[in-house]
Each structure stands twice: as C-alpha cells, then as structure tokens.
Amino acid sequence: MKLRFWGTRGSIPSPGEDTVVYGGNTTCIELQLNDGSLIVFDAGTGIRELGRDIENRNNNQNINLFLSHSHWDHIQGFPFFNPAYNDNTTITIYGCPPTYQKLREILTNQMESRYFPINFNELKAKIFFREINNGEYRIGNARFYFIQNNHPGTAYGFKVTDGNHSVVFITDNELDPPNGKVTTWKQFIDFCQGADILIHDAQYLEQELTNNSGFGHSSYEQAMRLGLDAGAKHLIFFHHNPERGDREISRIINKFKSLLASKNCTMSLSAAREGLELRL
Ligand SMILES: [Zn+2]
Ligand SMILES: [Zn+2]
Numbered sequence: 010m011k012l013r014f015w016g017t018r019g020s021i022p023s024p025g026e027d028t029v030v031y032g033g034n035t036t037c038i039e040l041q042l043n044d045g046s047l048i049v050f051d052a053g054t055g056i057r058e059l060g061r062d063i064e065n066r067n068n069n070q071n072i073n074l075f076l077s078h079s080h081w082d083h084i085q086g087f088p089f090f091n092p093a094y095n096d097n098t099t100i101t102i103y104g105c106p107p108t109y110q111k112l113r114e115i116l117t118n119q120m121e122s123r124y125f126p127i128n129f130n131e132l133k134a135k136i137f138f139r140e141i142n143n144g145e146y147r148i149g150n151a152r153f154y155f156i157q158n159n160h161p162g163t164a165y166g167f168k169v170t171d172g173n174h175s176v177v178f179i180t181d182n183e184l185d186p187p188n189g190k191v192t193t194w195k196q197f198i199d200f201c202q203g204a205d206i207l208i209h210d211a212q213y214l215e216q217e218l219t220n221n222s223g224f225g226h227s228s229y230e231q232a233m234r235l236g237l238d239a240g241a242k243h244l245i246f247f248h249h250n251p252e253r254g255d256r257e258i259s260r261i262i263n264k265f266k267s268l269l270a271s272k273n274c275t276m277s278l279s280a281a282r283e284g285l286e287l288r289l
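In this note's numbering, the protein residues as written are 10 to 289.
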C-alpha cells in the first residue's frame, strides 16, 4: 500500500507562513492498494491538488471516495476535484449512516448556485453512492472495517488491511467525551490493535481540552495512549488545530518522541504533513 497526505488541517484551511511545513489544506488522504486501486479518504481542500495529480496519471479512472462525515472541512474540496468533471472517471462515494441517507443532497447543496457556479448535476464523471454499514467491506483483496467515532453529528473511522499490513484512519474523534461515549476506549483499542499505521485526531493539547470538551476532538496525549495501548507501530497525529503553527507542532512532536524514547517505546511518531508519503 502507498499512503499520501494531501490535507492534514482541521476545521478550516489555514494557509500562511506558519503552516508551510505541515500544510494548510483540510482533510484528504490518498491510499493506493496493492492492486493499484485508488482510495481517497475525505474531500477537504487537499483533494484539489490530488485531483490535479490524478489528471496526470494514465490509470486510476476509478476513484473510491470514503467520507468520514459531512462536516465542512471534510467535503468542501469536492467542487474543486477535477476528476469529477471528466466523463472517463467513475467516482464511488461511500458514506456511513446517518449521513449516507443525505449524502447526495449534502454534496448537491454545497454546489447550489448561491454557493458555487457549477451544479452537481453538471459533473461529467459517473458518480455512485454506496452506504457502508458496520462490518466488513472488500475492494479487491483489501478489507475495510468501520467504527463510529465520538463526534457531534457522527463520524466514522476506517481500517484497511491489505496483504500483511493495516492502516487505521480516525479523524474527528473525541476519545473521552464529556457526555457519554458511542464507542468506548476499549473498542477503539480493539479496532486499532497492531495497526502498522494509526492516523488519529490530535487537535488539542491536554490543557486545551477543558475549554474544548464536547467538540469531538482528542488531545495528543490521548492519541498517544491509544497508539500505545493498541500496540500501533507508527502513530501519526492528524487534524491539526488551525491555530497551531509549524514550530509549535514540531516542538510537540519532539517532546513526545523524547518521552517515548525515555520509556523505551518502539512506536514511531509523526505529525501528518502535506506531501508525506509512506509505503507498506
Ligand atoms: Zn474536521
Ligand atoms: Zn467534524
């Protein structure tokens, strides 16, 4: 599998001199399966650049787009995704309940003439919608699993296993929410067990949680604990706070790396950054 980050930022695009390293685009991750199938997680503003890249490829006219949920920072790039305007392209959009029932409507509405000059119905690609329920889903030899996040309005996390490797992507998830959990800590540990790569929401520092409790995001510390409890091999902090600049993110990463080293932990640690590519 090959993984590439096109958008790593949470909440709102945040371009500027403080975000050139980790990136200012909102959520979009590309995953190429071992058989070459193209998977895209979320359609934040990062999907625009991915679309331009796909246009220059000869293959990959079939795009599988998995949407964690329909909050703005996860769908706002879709109208700027060039392959959607290409009649040689097929895009299958996967959504989870309850968002799925309104997914076409949600994507159509954000392209209404009040917001955008081109209508969803004018897109030339063949676009299909598929509902994912709990359980397992297959594309080629890869298996996809889903878990419901603790997030206002509901979001879903994904696990993909292909060959001997697994990648877990859980963004917009509050591991320890104030008003009861849809999914427990133990269930997340089981879901992430032994992941080669675990990408998890880390929007806040522990001390910032007090003022942001219930917003549906986790702290670096919580993501670390999940990674360690689940025996993940590589943890990647994701959904960076738009207020957090490059220097601060680097400082945080270095602090947690030293902490892991002092405890002789072997888990690798990174902060997601635009352009980061990993192979499994
Ligand atoms: Zn988000
Ligand atoms: Zn969200």
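We put the CB at the ideal spot given by N, CA and C, even for glycine. Bear in mind the structure is a predicted one, so any value in this text is a computation, not a measurement.
Item: Consider the C-beta atom of residue 35 and the heavy atoms of ligand 1; say whether any pair is separated by less than 8 angstroms.; Value: yes
Item: Closer than 8 angstroms: is that where the CB of residue 51 sits relative to any heavy atom of ligand 2?; Value: no
Item: May I ask you to check if the CB of residue 164 is nearer than 8 angstroms to at least one heavy atom of ligand 2?; Value: yes
Item: Starting from residue 141, trace the alpha helix (DSSP H) in both directions and tell me its first and last residue.; Value: Element bounds for residue 141: n/a, residue is neither H nor E.
Item: Do you know offhand how far residue 95's Cα is from residue 24's?; Value: 28 angstroms
Item: I'd like to know if the segment 145 to 163 and the segment 179 to 187 are in contact, where contact means that at least 3 CB-CB pairs between them fall below 8 angstroms.; Value: yes
Item: Alpha carbon to alpha carbon, how far is residue 167 from residue 262?; Value: 24 angstroms
Item: Can you find a heavy atom of ligand 1 that lies under 8 angstroms from the Cβ of residue 108?; Value: no
Item: Between residue 88 and ligand 2, is the CB less than 8 angstroms from at least one heavy atom?; Value: no
Item: Could you name the residues of the same chain whose beta carbon sits closer than 7 angstroms to that of residue 215, not counting the 5 residues immediately before and after it, in chain order?; Value: 228 and 230
Item: Beta-carbon within less than 6 angstroms of residue 225's beta-carbon, same chain only, minus the 5 sequence neighbours each way: which residues are those?; Value: 160, 161, 181 and 183
Item: Ligand 2 and residue 104: does any heavy atom of the ligand fall closer than 8 angstroms to the residue's C-beta?; Value: no
Item: Quick one: what's residue 225 bridged to in DSSP?; Value: Partner(s): none; residue 225 has no beta bridge.
Item: Within this structure, are the beta carbons of residue 138 and residue 112 separated by less than 9 angstroms?; Value: yes
Item: What residues in its chain sit with their C-beta under 6 angstroms from that of residue 206, if we drop five residues either side in the sequence?; Value: 176 and 243
Item: Is any heavy atom of ligand 2 found at a distance shorter than 8 angstroms from the C-beta of residue 205?; Value: no
Item: Report the three-state DSSP secondary structure of residue 216 (helix, strand or coil).; Value: helix
Item: Grouping DSSP H, G and I as helix and E and B as strand, with all else coil, what is residue 64?; Value: helix
Item: Between the C-alpha atoms of residue 280 and residue 260, what's the straight-line distance to the nearest angstrom?; Value: 11 angstroms
Item: Within a Cβ cutoff of 6 angstroms, which residues of the same chain sit near residue 70, ignoring the five residues on either side of it in sequence?; Value: 97 and 98
Item: Which runs of the beta strand (DSSP E) spanning at least 3 residues fall entirely within the segment 164 to 222, listed in chain order?; Value: 165 to 171, 174 to 179 and 206 to 210
Item: Throw me the rounded Cβ distance for the residue 201 and residue 239 pair, which I believe falls under 8 angstroms.; Value: 4 angstroms
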